[in-house]
Amino acid sequence: MRKVADQDAYKAAAILLEQSKAVANTEREFAEVKKEIEQVMDDIESVRGVIGGHESFEG
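Right, here's the structure in full:
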């Protein structure tokens with residue numbers, strides 16, 4: 026009986042480990058996407074600054 030319980034505990038631990046890895050990967054991917062979004066926002070602000078410096082572009 027204890028052997029079965031130990032096996033179930035190991036299976037549960039393995040599942041939790043895999044889920045933890047998936048969460049860590051998701052968090053890492055989120056951080057990468059967030060950096061990319063921040064870079065795009067910085068680029069947009071740079072373009073706005075250039076356009077703002079040239080009144081001929083304003084509507």
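According to the working numbering, the sequence shown is numbered sequentially starting from 26.
Where is the CB? At the ideal position from N, CA and C, for every residue including glycine.
M26: not part of any alpha helix (DSSP H); DSSP gives it neither H nor E. Between E54 and M26, the alpha-carbon positions lie close to 42 angstroms from each other. Look at G78 here: in three-state DSSP terms it is coil, with no helix or strand label.
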